Amino acid sequence: MTFNLKEGKGIKTSDIYASFKNSIINEFLNEKTQLLKEELIPNFLIKLSDFSMKTMRDSGPNFIQASPELEFDDEPQLCLNIKELSEPIPIYPNYKDSTIIAIDVSSVKIGETNNGVICAIRGAVVWRKQGEVNFFRCGPLIFHITDFIIEQLYGNGGVKALEFPIGIVSRLRNLLERFIQGNVCNHFKDSIILFDGSLTAGTPDNPTNSLTQILSKAKENGNIVLAISKTTKIGLSGVKLSELLKNFKGPCLLDIDESIRALFPNHPVQLLGKVYATKLSAKGLSFRLDVDRKISLKETIDSLGKLIVNDIIDQGYPDTLRLAHILSSFTASDVIGIQRFLSKKFKIQIVPKINLRRILFGPFGNPMEVS
Amino acid sequence: MKIYKKEGDVIQIISFPNEIVEKGDYLLIEDPIVDKGLLVQVIDIQFANVPGVFEDILRDAVLEEEIEGENYDPMEVSSQISILKDTKLLVCRIRGVLSNGEIVFGMNYLPSRTLSRIIPYKIENFINSTSRSRPFQVGKIRGEAELILDIKALDGKLNIVTGKKGTGKSHLAKLLILNLVKYGAPCIIFDINGEYINLNKKKTGETLKFGKFITLTPKINMKFTLSQAKLTPVLNMMIYSLDLPSTSARVFIKIWRELERRGELNLASLGEAILKWDCHESVRDALYARYNMIIESGLFTDNINESLDFEFLMKSISNGGVVVINLKNQPAMIRKMIVELTLNKLTELLSNWKLQAIFLFAEEAHLYLRETYWDDIVTRMRHLGIFATFITNQPDTIQETIYRQADNIFLFNFSNEHDLEVVSKAAKIDSETIKKIVKELPPHYCLIIGDVVNNFPVVVKVEPLEFETMGETRFFFKN
């Protein structure tokens with residue numbers, strides 16, 4: 001690991017990938033009972049968290065409470081108008097044993113200080129092998145997002161165009177997510193690895209390089225990465241993606257790659273996967289599925305056949321991914337707990353957020369109102 | 001601890017798991033701005049409704065059932081999140097305002113939510129007054145602090161001890177009796193189960209060095225001559241216990257006076273006179289039937305040597321002692337006759353100032369006390385000097401009016417909703433306190449309400465006794 005906070009050197013995505021190879025997370029995954037926890041989160045993130053939290057002391061005695069519902073969500077929102085579709089391809093069960101691994105990372109805003117925003121991130125890996133389910137959860141890691149963090153992430157002349165603080169939080173979340181994804185792809189062999197979201201990259205918070213390397217490593221180890229997105233809005237003449245394959249009787253796959261690709265310019269955002277709509281159970285919902293472009297359609301259908309046999313599919317969604325999401329996500333009490341932790345550790349007073357509309361207009365300050 | 005909400009005289013307080021608070025405990029909410037404190041009592045402890053806690057618990061449940069795994073929390077934040085799940089909501093009743101070292105009742109104010117400091121308050125400091133002249137330890141509060149009451153708080157008062165079977169009611173009654181005797185008070189006990197007969201004997205076999213303890217057993221050492229019993233007690237016994245009609249009662253008075261005039265007031269003459277008296281056949285039959293019952297009761301005798309001088313007996317305990325009237329194994333009718341006769345005799349002695357006052361302990365009084373006596377005891381007899389303590393495991397056998405007039409109530413555990421509903425109507429305290437606290441009291445713990453605790457309801461673990469209790473449930477299986 002070359003990252004050095006004192007020198008203020010920026011984190012390169014190649015550094016992240018380099019850390020996969022020798023990570024002790026591999027040992028954890030080899031033998032689930034032998035955990036070396038200190039290596040389960042990249043050291044540079046722990047250090048970054050630690051250094052950023054030290055800047056709390058300069059930010060005054062007050063800490064403005066954030067509403068717990070303000071969880072960051074930057075899933076891509078695409079609205080397509082697909083006029084003609086090809087016929088969905090049926091997915092048949094494949095009864096060959098396969099390990100299913102799911103990864104999810106969540107972030108949440110904890111509050112505001114005089115010179116920044118506090119957020120927390122947490123990651124989870126869940127794997128199901130021959131019916132047995134295990135998990136590993138790391139975090140929460142707390143960050144005080146100030147100019148200091150931006151400098152550490154992007155260097156002095158780095159990107160400053162990120163939307164503050166959402167872009168920074170996304171970057172931190174992405175760093176942890178890619179680290180865990182990299183370790184999983186590096187360790188597991190001949191498995192199905194489920195990512196939450198899409199295989200889209202090329203934004204400042206989500207660089208292309210790291211994802212490319214992760215996918216490459218996965219392929220090298222015989223793994224198939226399936227990125228399943230819950231929130232992407234794709235419609236067929238106004239029909240939601242979740243309803244798209246409703247009329248098809250069984251599990252199926254629909255190629256919508258060209259339609260999606262048409263909406264994206266080649267630069268900077270890149271679709272590293274081939275985009276499908278898929279339905280994994282007869283009465284389930286359909287979701288956007290991104291599969292590594294280097295994986296053939298046959299391999300994709302084959303892996304989906306294994307997924308529906310080796311995992312539990314509830315309402316069309318894989319259970320391991322559901323569990324990973326449950327494990328990583330922050331509840332309101334998590335947020336309150338972290339606020340309490342901060343208030344005790346840094347001796348700061350938690351104050352409620354001022355609602356300007358409420359102050360000015362009282363009960364008439366309804367933010368739902370169209371101005 | 002922090003104030004969460006105040007509605008009327010109920011204050012809700014948020015408390016963290018490391019703050020040990022139990023139901024019944026007192027807290028002082030100190031408000032530095034107004035320089036006074038609100039004294040509140042915890043009546044219920046609930047989980048605080050922390051936002052997101054449902055999702056947290058659901059997540060824990062899912063994880064526990066479905067999967068195994070490890071958490072790595074480098075900043076050790078999880079402990080703070082876990083604390084939130086166990087955060088408690090203390091539902092408290094305002095009991096008074098502490099101002100300049102004095103507690104003011106009925107006063108109320110809104111303390112500062114942000115500045116108030118909430119601390120446990122030792123209510124025993126107010127109850128255990130050093131000025132008390134006749135102190136006795138009733139038990140311990142919070143398992144450590146001694147609760148010292150003044151036995152004088154029972155003087156002239158009506159007390160109720162109630163709770164379900166096996167919770168320690170009789171035990172407390174014995175503790176009260178022994179302390180009354182210790183301070184020179186006379187007591188009389190209607191002992192329905194024969195459990196007070198060894199009250200003066202320690203478990204080691206030793207006998208108490210204070211007070212006089214006498215057990216009266218009907219037919220054995222509790223017999224009266226007619227002249228000792230006197231007309232009014234005997235007549236009342238016949239009317240109220242044996243349902244003698246009023247017409248027959250009038251004839252009975254004439255017969256009694258005639259026999260008195262002739263100097264022939266004895267059982268044989270009474271029977272003979274009833275048979276020969278010039279009256280209607282139905283009156284004669286009614287009187288003779290009651291006469292036969294009197295004879296069968298064994299309560300009366302013509303032998304002066306075996307008769308009981310009740311006045312002398314009562315005087316003998318006037319400086320501290322107990323008369324236990326053993327009603328065990330007595331038929332219901334005889335029990336009622338004994339109680340009627342005893343209360344009449346006591347009333348007579350008190351009316352004539354031959355007795356200063358007496359503390360009456362009545363276990364399961366509904367089994368022998370006639371309906372009209374309840375009100376009589378709490379009104380007329382109380383003024384004469386009979387200070388009753390009713391002990392029962394069936395609270396609905398005591399009328400609501402009695403509860404309302406009770407000065408002190410000692411409540412042991414009740415789990416039955418109906419019983420709780422009955423006792424919650426007790427005066428001097430809100431029904432919610434009783435329902436919330438009493439339902440969860442362990443055996444030998446009791447909630448004391450009333451004058452004896454300066455009107456601060458207190459949960460106390462009753463002091464163990466070193467005497468033969470005799471009231472413990474008998475079991476078949478030994479182990």
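Heads up: the sequence lines are chains A and B, in that order.
Reminder that position 56 of the first sequence reads as 56 in the numbering used here, one-by-one numbering, no gaps.
Reminder that position 282 of the second sequence reads as 282 in the numbering used here, one-by-one numbering, no gaps.
Heads up, the beta-carbon is just placed ideally off N, CA and C, and yes, glycines get one too.
A quick note: this is a predicted structure, and the numbers were derived from the prediction, not measured.
Rounded distance between the beta-carbons of residue j and residue i, thought under 8 Å
| i | j | result |
| --- | --- | --- |
| Lys96 of chain A | Lys306 of chain A | 6 Å |
| Ile100 of chain A | Arg128 of chain A | 5 Å |
| Val161 of chain B | Ile386 of chain B | No, Val161 of chain B and Ile386 of chain B are not in contact; Cβ-Cβ is about 17 Å, not under 8 Å. |
| Asp104 of chain A | Leu321 of chain A | 7 Å |
| Ser431 of chain B | Lys439 of chain B | That belief does not hold up - the Cβ atoms of Ser431 of chain B and Lys439 of chain B are roughly 12 Å apart, past 8 Å. |
| Glu466 of chain B | Asp191 of chain B | Between Asp191 of chain B and Glu466 of chain B the Cβ distance is about 20 Å, and since that is not below 8 Å, they are no contact. |
| Leu98 of chain B | Val21 of chain B | With 8 Å as the limit, Leu98 of chain B and Val21 of chain B do not qualify as a contact, their Cβ atoms being about 18 Å apart. |
| Ile492 of chain B | Val322 of chain B | Coverage of chain B is limited to positions 1 through 479, which leaves residue 492 of chain B absent and any answer about it impossible. |
| Met1 of chain B | Ile11 of chain B | Met1 of chain B to Ile11 of chain B, Cβ: 11 Å. No contact. |
CA-to-CA distance, residue j to residue i, given in whole angstroms
| i | j | result |
| --- | --- | --- |
| Ala273 of chain B | Thr347 of chain B | 29 Å |
| Gln399 of chain B | Leu342 of chain A | 58 Å |
| Thr232 of chain B | Asp451 of chain B | 36 Å |
| Met337 of chain B | Gly143 of chain B | 44 Å |
| Gly24 of chain B | Thr301 of chain B | 54 Å |
| His366 of chain B | Thr397 of chain B | 6 Å |
| Ser297 of chain B | Phe361 of chain B | 23 Å |
| Leu215 of chain A | Cys185 of chain A | 8 Å |
| Phe16 of chain B | Lys345 of chain A | 17 Å |
| Arg262 of chain B | Leu350 of chain B | 29 Å |
| Leu70 of chain A | Asp255 of chain A | Here the model assigns Leu70 of chain A a pLDDT of 44, short of 50, so the residue's position is not dependable, and the following value carries that caveat. Taking the straight line joining both Cα atoms gives about 34 Å. |
| Pro51 of chain B | Gly168 of chain B | 42 Å |
| Leu267 of chain B | Leu287 of chain B | 13 Å |
| Ala332 of chain B | Leu369 of chain B | 10 Å |
| Gln80 of chain B | Lys347 of chain A | 15 Å |
| Leu226 of chain B | Ser269 of chain B | 11 Å |
| Lys54 of chain A | Pro207 of chain A | 28 Å |
| Asn49 of chain B | Leu141 of chain A | 26 Å |
| Thr87 of chain B | Leu327 of chain B | 53 Å |
Counted within 10 angstroms of its Cβ, other Cβ atoms place residue i as buried (16 or more) or exposed
| i | result |
| --- | --- |
| Ala61 of chain B | exposed |
| Gly337 of chain A | buried |
| Pro32 of chain B | exposed |
| Lys6 of chain B | buried |
| Thr33 of chain A | Any reading at Thr33 of chain A needs caution, since the residue's pLDDT is 33, under 50, leaving its predicted position unreliable; the model's value is listed next. Exposed: under 16 other Cβ atoms inside 10 Å. |
| Gly197 of chain A | buried |
| Asp419 of chain B | buried |
| Lys203 of chain B | exposed |
| Arg95 of chain B | buried |
| Ala324 of chain A | buried |
| Ile253 of chain B | exposed |
| Arg380 of chain B | exposed |
| Lys209 of chain B | exposed |
| Gly156 of chain B | exposed |
| Pro113 of chain A | Before going on, a small fix: residue 113 of chain A reads as Thr here, not Pro. With 16 or more Cβ atoms within 10 Å of its Cβ, Thr113 of chain A is classed as buried. |
Extent of the continuous alpha helix (DSSP H) run through residue i
| i | result |
| --- | --- |
| Pro484 of chain B | Any answer about residue 484 of chain B is impossible in this case: the structure gives chain B only from 1 up to 479. |
| Gly271 of chain B | 267–276 |
| Thr389 of chain B | Element bounds for Thr389 of chain B: not the alpha helix (DSSP H) but the beta strand (DSSP E), 386–392. |
| Asn236 of chain B | 231–236 |
| Asn292 of chain B | 281–297 |
| Lys182 of chain B | 169–182 |
| Ala365 of chain B | Run containing Ala365 of chain B: none; DSSP gives neither H nor E here. |
| Glu466 of chain B | Taken as a continuous stretch (DSSP letters only), Glu466 of chain B belongs to no alpha helix (DSSP H), as it is neither H nor E. |
| His418 of chain B | 417–423 |
| Asp257 of chain A | 257–261 |
Range covered by the beta strand (DSSP E) that runs through residue i
| i | result |
| --- | --- |
| Tyr26 of chain B | 26–31 |
| Lys315 of chain B | It is not in any beta strand (DSSP E) - Lys315 of chain B instead sits in the alpha helix (DSSP H) that spans 310–316. |
| Thr207 of chain B | Careful: Thr207 of chain B lies outside any beta strand (DSSP E) and carries neither H nor E. |
| Lys274 of chain A | 273–279 |
- Flag this pair as touching only if the segment 212–230 of chain B and the segment 311–320 of chain B have three or more C-beta atom pairs under 8 Å; answer yes or no. As far as the Cβ criterion goes, the segment 212–230 of chain B touches the segment 311–320 of chain B, which means the pair count is three or higher.
Query raised in the report: Hey, is the segment 47–57 of chain B in contact with the segment 323–340 of chain A, meaning 3+ C-beta pairs nearer than 8 Å?
Result: The segment 47–57 of chain B is in contact with the segment 323–340 of chain A.
- Query: How do the segment 398–416 of chain B and the segment 152–166 of chain B stand: do at least 3 beta-carbon pairs fall below 8 Å, yes or no?
  - Reply: Yes, the segment 398–416 of chain B is in contact with the segment 152–166 of chain B.
key: Inter-stretch contact (C-beta, 8 Å, three-pair minimum) for the segment 171–181 of chain A and the segment 87–96 of chain A   = No, they do not touch.
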